[in-house]
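Peer 1:
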Amino acid sequence: MVAQESRLTRALTAFDEALQAGRVAQAYLVVGNIRDEGLPFAEGVLSRLLCEGMIKPCGDCPPCRKVRNRTHSDVAWIEPEKKSRTVGIERIRDLQRLVYQTTLGGTWKAVVLVGADRVGEEASNAFLKTLEEPPPRSLFLLLTDNPQAMMPTILSRCQRMVLSTEQESLPEPWQTQLLDILSLPVESGLVGRLSRGILIGQLLDQMKKSVKEQEDDRAEGEDIEEDTLNARIESRYRGLRSMAVRAILFWYRDILLFLCGTEASRLRYPGQAEAIAALARGVEYRYALRNIQIIEGMQRQFDRNLTQDTVIQVTMNTLAC
Amino acid sequence: MKIVISKDAVMSGLQMVHGVVNVRPTLPVLSNVLFQAQDEKLWMTTTDLEVTMRCAVEAKISKGGATTLPARRLLSIIRELPADNIEIEVDEKNSASISCGASFFKILGLPEDEFPAIPKYDGGTTFTVDQKVLKEMLQKTFYAASNDETRFILNGTYVSFKGNKMTLVATDGRRLALTEHEMEFPKESESEAIIPTKAVNELLRVLKDEGTVKIHMTKNQAGFEVNDVLLITKLIEGTYPNFKQVIPGQCEHRIPIEREAFLAALKRVALLTSDKASSIKLTFGKNKLKISAQSPDIGEAHETVPIKYMGKEMVVAFNPDYIMEPLRNLMTDEIFVEMTDELSPGVIKCDVPFIYVLMPMRVG
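Just so you know, the protein sequences line up as chains D and R, in that order. At the far end of the first sequence sits residue 321, using this note's numbering, and the numbering has no gaps. At the far end of the second sequence sits residue 685, using this note's numbering, and the numbering has no gaps.
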């Protein structure tokens with residue numbers, strides 16, 4: 001936690017220096033945990049830009065309070081929405097209106113894209129146009145914990161502000177159970193791979209059931225609508241599922257690394273080195289590389305809201321090991 | 322807050338301001354109308370953070386105060402109320418009790434302080450114009466503005482006060498409408514702005530045929546004040562394209578045409594255009610104009626309109642909507658079509674300061 005705070009402080013100090021030198025970039029890619037690092041960084045930056053106090057940020061003036069409450073009229077907060085948890089083109093059009101119009105406060109205007117990796121392809125292209133030539137005194141803050149899922153054309157237009165590179169791991173007991181499934185010796189052929197897919201699907205179902213039970217308990221006594229509760233469950237479950245896909249991705253990356261001669265101690269999952277070695281022996285380098293692309297595609301398919309069983313079965317069907 | 326108000330008064334106020342409320346607001350409070358009861362008036366304000374609209378209606382105020390209530394739902398309720406006098410009482414939890422005859426409603430609002438502050442326009446310049454003049458000028462130009470979000474600067478109407486003239490221009494890159502009005506103001510008051518189309522649409526609802534409108538222009542926003550109605554809008558940022566360079570200087574042929582007859586003929590022939598064949602062909606011949614359209618999948622139509630023209634035959638094609646829109650929004654009996662050749666832009670003028678430039682389509 002202390003290290004996290006110091007990284008955040010360092011990043012805000014760097015921004016202060018840029019602001020004083022009049023060299024604020026038009027767009028920052030803020031890489032790190034969105035909730036613990038990205039959002040505090042965005043609030044810190046916006047308070048510094050919009051504060052009306054003598055010592056900025058004062059935290060007390062109306063703009064500082066509005067930034068904190070996310071009600072500032074010159075700031076657009078855009079988050080993934082709907083069941084697909086993506087940012088659609090309508091929201092990008094909303095932000096275009098803010099960017100191309102004058103401000104009410106007469107100072108800066110800003111767009112905070114929370115989960116910038118969740119912007120759909122069509123919306124990304126529309127956003128790119130805005131990012132290419134924004135009017136002066138416009139600032140974009142793109143918060144993400146998964147920058148590799150973003151379009152290179154967007155990444156190339158942003159100044160990178162790395163708050164942390166470590167991505168959250170799947171919580172226990174799910175992580176161990178998932179690694180146990182992945183470590184199981186695969187029976188040869190399609191049937192073997194599909195049976196592993198069924199096990200992963202069952203594990204995801206258990207995760208969802210557990211999330212539902214926890215959220216139902218949490219909601220007891222709260223005056224909460226059923227739709228809101230369901231959205232909360234779905235959102236938390238999707239977060240966990242993304243972590244599970246990332247864990248699978250790291251598993252196949254370890255297989256590739258093993259094939260390249262990397263020492264077991266440098267793998268993501270050194271405790272499963274034997275199982276990884278066993279799987280690596282049965283696969284060629286090019287297929288190991290292709291496996292990684294297939295797992296990356298798995299997350300994209302989930303983002304497109306395809307059914308869970310379909311995505312898992314199609315993925316397992318195409319994997320080489 | 323406790324007031325008694327007539328149904329007509331509250332309806333007229335809500336109908337005036339509710340158009341600003343966004344269907345998909347970014348903050349919950351933006352769905353609400355701000356009610357402020359003071360000095361025997363009920364002030365109603367709505368905003369989408371881009372356009373803010375405020376108006377006042379007469380009310381009998383027993384206890385002053387302010388709250389915000391869901392605008393569209395409130396309008397639906399008021400519309401259906403049976404009697405004339407409506408009593409609205411709001412408690413400290415922003416719950417509004419609405420009584421009218423035997424009907425009673427209780428609707429939940431949000432606190433006044435959650436509503437965005439009403440923008441202030443300090444400094445800048447103020448111009449006073451007849452409402453009718455501004456309304457007609459807007460009607461003659463606003464339809465030509467673009468709605469293509471990749472060229473956002475064209476998504477509004479350019480307003481300039483320069484050289485003792487108020488000039489309004491709108492263009493989408495394929496056509497341009499310009500209108501001017503002579504007025505006097507000091508040179509230091511000269512200013513310009515691009516007003517977003519949403520604000521123009523709201524303003525057209527506010528403007529009447531009598532009285533004046535005060536136009537406040539500042540660097541960041543424009544305000545339009547008509548009696549007890551105030552509309553404040555953000556502006557589109559950037560430099561408007563140099564529209565003067567696309568207005569043809571001279572033309573070879575200036576052809577007078579009766580507006581209504583021309584428009585009626587265009588409407589009829591345009592019925593035979595389609596998405597695939599969306600052009601209408603104008604053939605200028607000796608004292609007659611042949612309007613024709615042909616769609617391979619549908620069929621063809623043509624109609625002749627008498628004109629005063631003795632030049633060589635000229636065939637030019639236009640998008641039917643683009644040529645009909647200025648004709649619908651002009652009031653004059655006669656218009657002048659200025660042409661140079663088949664590939665040069667056509668110009669529509671009339672006996673008031675109005676210019677409409679339209680790029681032709683290629684004739685197959």
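Beta carbons are placed, not taken as given, at the ideal position from N, Cα and C, and that holds for glycine.
Chain D beta carbons: is any one of them nearer than 8 Å to that of R/Lys555?
Peer 2: Closer than 8 Å: yes.
Peer 1: Please report the distance separating the alpha-carbon of R/Ala543 from that of R/His537.
Peer 2: So the two alpha carbons sit approximately 6 Å from each other.
Peer 1: Is R/Asp397 helix, strand or coil when you go by DSSP?
Peer 2: Correcting the residue identity first, residue 397 of chain R is Ser in this sequence and not Asp. Helix.
Peer 1: Answer yes or no: does any C-beta atom of chain R fall closer than 8 Å to that of D/Ser73?
Peer 2: Yes, D/Ser73 lies at the interface with chain R (some Cβ there is under 8 Å from its Cβ).
Peer 1: Grab me the residues of R/Leu402's own chain with a C-beta within less than 7 Å of its C-beta, minus the 5 sequence neighbours each way, in chain order.
Peer 2: Only Lys328, Cys421, Ser424 meet the Cβ criterion.
Peer 1: Is DSSP giving D/Gly192 helix, strand or coil here?
Peer 2: Note: D/Gly192 maps to helix in three-state DSSP.
Peer 1: At 9 Å on the CB atoms, spell out the chain D contacts of R/Thr366, in chain order.
Peer 2: Ordered by position in chain D, no residue passes the 9 Å Cβ test against R/Thr366, which lies about 14 Å from the chain.
Peer 1: On the criterion of 16 or more Cβ atoms from any shown chain inside 10 Å, does D/Glu172 qualify as buried, or is it exposed?
Peer 2: D/Glu172 comes out exposed.
Peer 1: Can you give me the start and stop residues for the beta strand (DSSP E) that R/Ser327 sits inside?
Peer 2: Looking at the DSSP string, the run of the beta strand (DSSP E) that includes R/Ser327 is 323-327.
Peer 1: What would DSSP say about D/Ser210, mapped onto helix, strand or coil?
Peer 2: In this structure, D/Ser210 counts as helix in the three-state DSSP scheme.
Peer 1: Are the Cβ atoms of D/Gln299 and D/Val245 separated by less than 8 Å?
Peer 2: In this structure, D/Val245 lies closer than 8 Å to D/Gln299 by Cβ.
Peer 1: Mind checking the region 344-362 of chain R against chain D and listing, in chain order, the residues whose C-beta falls within less than 9 Å of any C-beta there?
Peer 2: If the cut-off is 9 Å between Cβ atoms, the region 344-362 of chain R has Arg345, Thr347, Leu348, Val350 near chain D.
Peer 1: List, in chain order, every chain D residue whose beta-carbon is nearer than 8 Å to that of R/Asn541.
Peer 2: In chain order: Thr102, Thr103, Leu104, Gly106.
Peer 1: Which first and last residues belong to the alpha helix (DSSP H) in which D/Met298 is found?
Peer 2: Counting along the chain, the alpha helix (DSSP H) containing D/Met298 begins and ends at 285-303.
Peer 1: I want to verify the contact list: residues of chain R whose CB lies under 7 Å from the CB of D/Lys129, in sequence order.
Peer 2: Here the neighbours are Thr471.
Peer 1: Give a yes or no on whether 8 Å exceeds the smallest Cβ distance from R/Leu524 to chain D.
Peer 2: R/Leu524 does not count as touching chain D.
Peer 1: What's the C-alpha gap between R/Arg393 and D/Gly38?
Peer 2: Their Cα atoms are separated by approximately 36 Å.
Peer 1: Applying a beta-carbon distance threshold of less than 7 Å, which residues of chain D neighbour R/Pro517?
Peer 2: Under the 7 Å cutoff, chain D gives Gln101.
Peer 1: Hey, does D/Asp94 have any beta-carbon neighbour from chain R nearer than 8 Å?
Peer 2: Yes, contact with chain R.
Peer 1: Compute the Euclidean distance between the alpha carbons of D/Val311 and D/Ile181, then round it to the nearest angstrom.
Peer 2: If you take the alpha carbons of D/Val311 and D/Ile181, they lie about 17 Å apart.
Peer 1: Per DSSP, which residues does R/Leu610 bridge with? Please list them.
Peer 2: R/Phe605, R/Val626.
Peer 1: For R/Ala582, which option in R/Met635, R/Lys602, R/Leu610, R/Phe463 has the closest C-alpha, if you only look at C-alpha atoms?
Peer 2: If we check each option's Cα against that of R/Ala582, R/Leu610 comes out closest.
Peer 1: Look up R/Val342 in the DSSP assignment and give the residues it is bridged to.
Peer 2: DSSP, once it has assigned bridges, lists no residue as partnering R/Val342.
Peer 1: Where does D/Val324 land, buried or exposed, given buried means 16+ other C-beta within 10 angstroms?
Peer 2: An answer regarding residue 324 of chain D cannot be provided, because it is not within the stretch 1 to 321 covered by chain D.
Peer 1: Smallest Cα separation from R/Leu489: which of R/Lys565, R/Lys602, R/Val550, R/Val354?
Peer 2: Closest option to R/Leu489, Cα to Cα, is R/Lys565.
Peer 1: With a threshold of 8 Å between beta carbons, is D/Pro40 in contact with chain R?
Peer 2: No, D/Pro40 lies away from the interface with chain R (no Cβ there is under 8 Å from its Cβ).
Peer 1: Just to check my reading of the structure: R/Leu556 and D/Gln101 have Cβ atoms closer than 8 Å, yes? What is that Cβ distance to the nearest angstrom?
Peer 2: Indeed, because the Cβ distance is near 7 Å, the residues count as touching under 8 Å.
Peer 1: Taking Cβ-Cβ distances shorter than 8 Å, what residues in chain R pair up with D/Arg157?
Peer 2: Those within 8 Å of D/Arg157 in chain R number zero; the least Cβ separation is about 17 Å.
Peer 1: Beta carbon of R/Lys384, beta carbon of R/Lys323: below 8 Å?
Peer 2: Against a cut-off of 8 Å, the Cβ pair of R/Lys323 and R/Lys384 comes out as a contact.
Peer 1: Looking at the structure shown, is D/Ser138 part of a helix, part of a strand, or coil, going by DSSP?
Peer 2: Note: D/Ser138 maps to strand in three-state DSSP.
Peer 1: Along chain D, which residues have their Cβ under 7 Å away from the Cβ of R/Glu371?
Peer 2: Simply Arg97, Gln101.
Peer 1: Just to confirm my understanding: we take D/Ala273, look at its own chain, exclude 5 residues before and 5 after, and list those with CB closer than 7 Å. What are they?
Peer 2: Closer than 7 Å at the Cβ level, and outside the excluded window around D/Ala273, lie Ala264, Leu267.
Peer 1: On the criterion of 16 or more Cβ atoms from any shown chain inside 10 Å, does D/Tyr285 qualify as buried, or is it exposed?
Peer 2: When all chains shown are included, D/Tyr285 counts as exposed.
Peer 1: Can you check which of these residues, R/Pro577, R/Gln460, R/Asn485, is closest to R/Asp530 by C-alpha distance?
Peer 2: The option with the nearest alpha carbon to R/Asp530 is R/Gln460.
Peer 1: Please list the partners that R/Pro641 has in chain D, where partner means a Cβ-to-Cβ separation under 7 Å.
Peer 2: What R/Pro641 touches in chain D: nothing, since even the nearest Cβ is about 28 Å away.
Peer 1: Under the assumption that R/Val354 contacts R/Val338 (Cβ atoms under 8 Å), give the Cβ distance between them as a whole number of angstroms.
Peer 2: Sure, about 6 Å apart at Cβ, within 8 Å.
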